[in-house]
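Q: Have a look at this one.
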């Protein structure tokens, strides 16, 4: 089971939901196509979030921003 969820909501709303449902967040990032990519700490937490946020799940292709710098930092 994947720990990654693509959600059509703000970062703040996603984190607040996870705090309220005791779901650990490993990483969160804004998507260039709108919404957020949420990585939960456990697959059980991801399943709880997936069930509770079913109407907010993004279906289909998702475009992410590039995280790595184009040039080395050193």
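Residue numbers (my numbering): 2 to 75. Backbone N, C-alpha and C define an ideal beta-carbon position, used for all residues, glycine too.
Sort out for me which residues DSSP pairs residue 62 with in a bridge.
A: Looking at the DSSP assignment, residue 62 forms no beta bridge with any residue, so it has no partner.
Q: Give me, in chain order, the residues of the same chain whose beta-carbon lies closer than 7 angstroms to that of residue 57; leave out the 5 immediate sequence neighbours on both sides.
A: 8, 9, 10
Q: Could you tell me whether the Cβ of residue 18 comes closer than 8 angstroms to any Cβ of chain B?
A: The structure shown contains no chain B; it holds only a single protein chain.
Q: Alpha carbon to alpha carbon, what distance is there between residue 67 and residue 75?
A: 19 angstroms
Q: From residue 59 to residue 23, what does the alpha carbon distance come to, in whole angstroms?
A: Whole-angstrom Cα-Cα distance: 22 angstroms.
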